[in-house]
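Peer 1: In the UniProt record's numbering, the protein residues as written are 1 to 156.
Backbone N, C-alpha and C define an ideal beta-carbon position, used for all residues, glycine too.
Quick caveat, the model's predicted, so the values are computed rather than measured.
Take a look at this one; I'll ask things after.
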C-alpha cells in the first residue's frame, strides 16, 4: 500500500491517506503464462500427417469436436489420425477405436497425387466395413489453374 503526504507538512495527529491501487504485474504474469500454454498446446491438437490436399470452393461445414481422419498419403500409405495402418486392417482398427461407431462420420483426406482408383478402393473398404458416413476433406479456397481441366467436355 502506498501513502501520500499532505502539502502543509506533517503533524502527529494526521493520518496518512492510503492509495488504493491494484498491482497488475501478477495478472500480466498469469496471462503471459496462459498464452504460452495455449501456444504450445494448439499445434498438438491438430493432425500432423503431411498430405497435399486439393482445394475446393464449396462452403465449409462445421466439423465435430473430435473427428476421425483417415488419410491416404502420396505413397498410398493409409493412416487413422497419425497412426499408419495396413489397408487390410483399416476397418478392424476403426472398430477398435474408442468412441467410434458405424454411425460416426469419417473424414477422408487424400493427397493430390493419389490416383482416383486407389481413393475409390479405400472408400469401398470403408463401405464394406459398415462405415457409410464419409466426408471428403479439401483445402478451402479457389482451385489452382493447374488442377482445373482445360477442356469443356470435362465439366460434369
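1. With DSSP collapsed to three states, give me the class of residue 140.
2. Just the C-alpha distance for residue 92 and residue 40, rounded to the nearest angstrom, thanks.
3. Say whether the stretch 13-30 touches the stretch 83-97, bearing in mind that this needs 3 or more beta-carbon pairs closer than 8 Å, one atom from each stretch.
4. Can you check DSSP and say which residues form a bridge with residue 52?
5. Kindly indicate if chain D contains any beta-carbon less than 8 Å away from that of residue 135.
6. Can you tell me whether residue 24 is buried or exposed? The criterion is at least 16 other CB atoms within 10 Å of its CB, across all chains shown.
7. Using a Cβ-Cβ cut-off of 6 Å (strictly less than) and excluding sequence neighbours within five positions of residue 140, which residues of its own chain qualify?
8. Are the beta-carbon atoms of residue 112 and residue 52 separated by less than 8 Å?
Peer 2: Reading it off the structure:
1. strand
2. 33 Å
3. no
4. Looking at the DSSP assignment, residue 52 forms no beta bridge with any residue, so it has no partner.
5. Annotation note: the requested chain D is absent from the structure, which comprises a single protein chain.
6. exposed
7. 60
8. yes
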